[in-house]
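In what follows, a single structure is set out as structure tokens and then discussed.
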Amino acid sequence: MTVAQHPELLVRPLHGEPYRVPIDKSVVSIGRSKRNHLVLPDQWLSRHHAEIREESSTFYIYDLDSRNGTLVNGVRISGRVLLQDGDVVTLGDQTLTFVEEPSGSVVLAESPSSELDLEGTVVVPTEHLLAQARRSEDTWDSLARASRKSKTGPSADDSAAIIKQNQILSALSQASMALISDRPVNELLDFILELAFKVVKPERGALMLTKGEERGLEVKSVRTNSDNPKSLKEEITFSRSIADKVIGEKVSILTSNAMTDPRFRSQDSIVSFGIRSAMCVPLWNNKNVTGLIYVDRLIQESVFTEDDLSLLSSLANVAAIKLENAKLVEQMIEKKRMEHELAIARDIQQNLLPRKAPTIGGWDITGTNTPCYTIGGDYFDFIHRPSGRLAFALGDVSGKGTGAALMMMVLRATVHSAASQQENDVVSIMSETNRAMYENSPANAYVTFFIGDLDPKSGELLYVNAGHIPPIVYRAKSGQVDRLETGGTVIGMFESAPFEQGKSSLETGDILVVFTDGISESWGADGEEFGEDRLGEVVKKHAKLSASELMATIQKEVDAFATGRATDDRTLIAVKRR
Numbered sequence: 001m002t003v004a005q006h007p008e009l010l011v012r013p014l015h016g017e018p019y020r021v022p023i024d025k026s027v028v029s030i031g032r033s034k035r036n037h038l039v040l041p042d043q044w045l046s047r048h049h050a051e052i053r054e055e056s057s058t059f060y061i062y063d064l065d066s067r068n069g070t071l072v073n074g075v076r077i078s079g080r081v082l083l084q085d086g087d088v089v090t091l092g093d094q095t096l097t098f099v100e101e102p103s104g105s106v107v108l109a110e111s112p113s114s115e116l117d118l119e120g121t122v123v124v125p126t127e128h129l130l131a132q133a134r135r136s137e138d139t140w141d142s143l144a145r146a147s148r149k150s151k152t153g154p155s156a157d158d159s160a161a162i163i164k165q166n167q168i169l170s171a172l173s174q175a176s177m178a179l180i181s182d183r184p185v186n187e188l189l190d191f192i193l194e195l196a197f198k199v200v201k202p203e204r205g206a207l208m209l210t211k212g213e214e215r216g217l218e219v220k221s222v223r224t225n226s227d228n229p230k231s232l233k234e235e236i237t238f239s240r241s242i243a244d245k246v247i248g249e250k251v252s253i254l255t256s257n258a259m260t261d262p263r264f265r266s267q268d269s270i271v272s273f274g275i276r277s278a279m280c281v282p283l284w285n286n287k288n289v290t291g292l293i294y295v296d297r298l299i300q301e302s303v304f305t306e307d308d309l310s311l312l313s314s315l316a317n318v319a320a321i322k323l324e325n326a327k328l329v330e331q332m333i334e335k336k337r338m339e340h341e342l343a344i345a346r347d348i349q350q351n352l353l354p355r356k357a358p359t360i361g362g363w364d365i366t367g368t369n370t371p372c373y374t375i376g377g378d379y380f381d382f383i384h385r386p387s388g389r390l391a392f393a394l395g396d397v398s399g400k401g402t403g404a405a406l407m408m409m410v411l412r413a414t415v416h417s418a419a420s421q422q423e424n425d426v427v428s429i430m431s432e433t434n435r436a437m438y439e440n441s442p443a444n445a446y447v448t449f450f451i452g453d454l455d456p457k458s459g460e461l462l463y464v465n466a467g468h469i470p471p472i473v474y475r476a477k478s479g480q481v482d483r484l485e486t487g488g489t490v491i492g493m494f495e496s497a498p499f500e501q502g503k504s505s506l507e508t509g510d511i512l513v514v515f516t517d518g519i520s521e522s523w524g525a526d527g528e529e530f531g532e533d534r535l536g537e538v539v540k541k542h543a544k545l546s547a548s549e550l551m552a553t554i555q556k557e558v559d560a561f562a563t564g565r566a567t568d569d570r571t572l573i574a575v576k577r578r
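Heads up, the sequence shown is in our numbering, so the first residue is 1 and it goes up one at a time.
This is the structure in structure tokens:
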């Protein structure tokens, strides 16, 4: 099976080593901002400088009205320009070469796993190699100390061992120091393979990462360093059973002479190149295998040794740990970015809700919203109507988080537009809102919604309850609690739905409380809900309080009942006639 590669950008920064970035998305954004897919920290670049887009399997580069422009092969572009293999894009001090067909594609050839036991193939658990390397380091350190104390000096064998160990430690030290610096993950992958070339000097190599639960492999970096020109564009072929064993069993594999290994005889690319030696080691971070490094040599006189296998395994272990840390850093940065954007969204959403309750003589009115997450899907509002009446609305969008918040914003805009028209009664407002939500929301999304239209002079209340929890009305004279149930179904689910207008009135001392299920369905430690009846009792008990004091009391009672745990947005409107 050939492991396909995406087109690439070979990035040559002004400072630092070149690295490759796969064009594996339909749109790859480029610029200074960390929100881009390819971030280039260059003061001459715009925050969002350019984009590469795939259109019908063809790639184009677009300049995004950047301040200092985008050059393709030295010519400044405007709009879009077709990219061809080898085109050089210049952005500030950075140059990017478009590589349509990356060299050295990788082929995983099918072969039976039993062939791994053939003579000439070394299979060693990577953990044993690393432990052996640590023991060897201790042994050679002891030899070095003993040699320094010896009057006759080290033996010839000891000297050779010390020199060899120093070379290995030097290579690993350089690799570790090079990996300390922060690099983007894509750049880091290229750099890891480059270090492998420095420490074991292969002629061709590939770095592949696992993907998905099925442990498929994806090529992330390919490199060649051979005098044989055919190797530059030909496939790098090795056994799928080797890849599966390396990843599944955390082993390192060395073939000291592939030309004499029957496993490879049927593979034309290996025979024609005269591959004499190959190694494959896992990228193991001491917990999980996240990929592998494969390298080979074409020159007959030069074969890999078990020391090379140990060295490459040690490098892969260091690199895998660094790669895991780099991914965690990127995830942390992405999390912080999302938190920042959610904080902005929260501020925008809160600014859309009423900043203060309306002041109307003879009435005490208030409302509040407490989202369960940073942003939520509950909505409440007060709208002064052209007729002098006051509309108040409360809705609960299905779901939570960003999607619900976006629907809430559509809901608010629609309600304001419909309520601002004097001729619209509450049924017309609800019908227009239902139609807008149906047209602008996913098929499985809906809103439970209540709207009331109050005449402050008479206390008359016209309302529609669209599938919402019936608001409660405390009657001061009788001490009873009524429910406002008349209306219809939830909005946004059906293109057209019938709604019925309900009618009530508020007398002196009466209190209307509209609420979402974040209040009534708060769970106690024993699994019991706070419930609508309990809410009614709280209102009756504290009916002498002002609307704002009553609301604070309700929230305090709910918090105490649910021991501070909020599982849904909590929204309340309280209307009291003095």
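Using N, Cα and C, we set each Cβ at its ideal position, and we do this for glycine too.
Note that the structure is a prediction, hence the values are computed from the model and not measured.
Looking at residue j and residue i, is the spacing between their C-beta atoms short of 8 Å?
{"i": "residue 30", "j": "residue 6", "result": "no"}
{"i": "residue 397", "j": "residue 447", "result": "yes"}
{"i": "residue 454", "j": "residue 470", "result": "no"}
{"i": "residue 536", "j": "residue 491", "result": "no"}
{"i": "residue 629", "j": "residue 51", "result": "A query on residue 629 cannot be resolved here, the shown segment of the chain reaching from 1 to 578 and no further."}
{"i": "residue 44", "j": "residue 73", "result": "no"}
{"i": "residue 277", "j": "residue 129", "result": "no"}
{"i": "residue 236", "j": "residue 410", "result": "no"}
{"i": "residue 578", "j": "residue 403", "result": "no"}
{"i": "residue 666", "j": "residue 515", "result": "Nothing about residue 666 can be read from this structure; the chain reaches only from 1 to 578."}
{"i": "residue 386", "j": "residue 422", "result": "yes"}
{"i": "residue 428", "j": "residue 418", "result": "yes"}
{"i": "residue 547", "j": "residue 508", "result": "no"}
Using the rule of at least 16 other Cβ atoms within 10 Å of the residue's Cβ for burial, across every protein chain shown, is residue i buried or exposed?
{"i": "residue 84", "result": "exposed"}
{"i": "residue 526", "result": "exposed"}
{"i": "residue 148", "result": "For residue 148, the pLDDT reaches just 49, beneath the cut-off of 50, and the residue's location in the model is therefore unreliable, although a value from the coordinates is still provided. Burial call: exposed."}
{"i": "residue 347", "result": "exposed"}
{"i": "residue 187", "result": "buried"}
{"i": "residue 224", "result": "buried"}
{"i": "residue 220", "result": "buried"}
{"i": "residue 569", "result": "buried"}
{"i": "residue 425", "result": "exposed"}
{"i": "residue 357", "result": "buried"}
{"i": "residue 407", "result": "buried"}
{"i": "residue 141", "result": "Because the pLDDT of residue 141 is 48, which lies under 50, any placement of that residue in the model is unreliable, and the number read from its coordinates should be weighed accordingly. Exposed, since its Cβ has fewer than 16 Cβ neighbours within 10 Å."}
{"i": "residue 282", "result": "buried"}
{"i": "residue 350", "result": "exposed"}
Taking the alpha-carbon positions, what's the residue i to residue j distance?
{"i": "residue 37", "j": "residue 487", "result": "49 Å"}
{"i": "residue 35", "j": "residue 122", "result": "46 Å"}
{"i": "residue 511", "j": "residue 185", "result": "60 Å"}
{"i": "residue 53", "j": "residue 20", "result": "17 Å"}
{"i": "residue 203", "j": "residue 303", "result": "11 Å"}
{"i": "residue 552", "j": "residue 542", "result": "11 Å"}
{"i": "residue 32", "j": "residue 11", "result": "14 Å"}
{"i": "residue 40", "j": "residue 345", "result": "27 Å"}
{"i": "residue 558", "j": "residue 513", "result": "15 Å"}
{"i": "residue 42", "j": "residue 76", "result": "18 Å"}
{"i": "residue 287", "j": "residue 238", "result": "26 Å"}
{"i": "residue 189", "j": "residue 323", "result": "8 Å"}
{"i": "residue 305", "j": "residue 244", "result": "22 Å"}
{"i": "residue 270", "j": "residue 326", "result": "Note that residue 270 has pLDDT 45, beneath the 50 cutoff, so the model's placement of it is unreliable and no number is given."}
{"i": "residue 294", "j": "residue 22", "result": "19 Å"}
{"i": "residue 502", "j": "residue 462", "result": "6 Å"}
{"i": "residue 383", "j": "residue 416", "result": "7 Å"}
{"i": "residue 400", "j": "residue 563", "result": "21 Å"}
{"i": "residue 161", "j": "residue 217", "result": "Because the pLDDT at residue 161 is just 49, under 50, the model does not fix this residue reliably, and the value given afterwards should be weighed accordingly. Approximately 38 Å, taken between the alpha carbons."}
{"i": "residue 246", "j": "residue 307", "result": "18 Å"}
{"i": "residue 539", "j": "residue 355", "result": "24 Å"}
Would you kindly report the start and end of the unbroken alpha helix (DSSP H) that includes residue i?
{"i": "residue 346", "result": "306-352"}
{"i": "residue 428", "result": "426-439"}
{"i": "residue 407", "result": "401-419"}
{"i": "residue 481", "result": "No alpha helix (DSSP H) holds residue 481; the beta strand (DSSP E) holding it covers 481-483."}
{"i": "residue 248", "result": "240-249"}
List the DSSP bridge partners of residue i.
{"i": "residue 560", "result": "None; residue 560 has no bridge partner."}
{"i": "residue 523", "result": "529"}
{"i": "residue 62", "result": "51 and 80"}
{"i": "residue 41", "result": "The partner list for residue 41 (beta bridge, DSSP) is empty, contrary to what the question assumes."}
Which residues bound the beta strand (DSSP E) around residue i?
{"i": "residue 277", "result": "277-284"}
{"i": "residue 193", "result": "First-last for residue 193: 185-200, but that is the alpha helix (DSSP H), not the beta strand (DSSP E)."}
{"i": "residue 359", "result": "Unbroken run through residue 359: none, as it is neither H nor E."}
{"i": "residue 12", "result": "8-12"}
{"i": "residue 384", "result": "378-384"}
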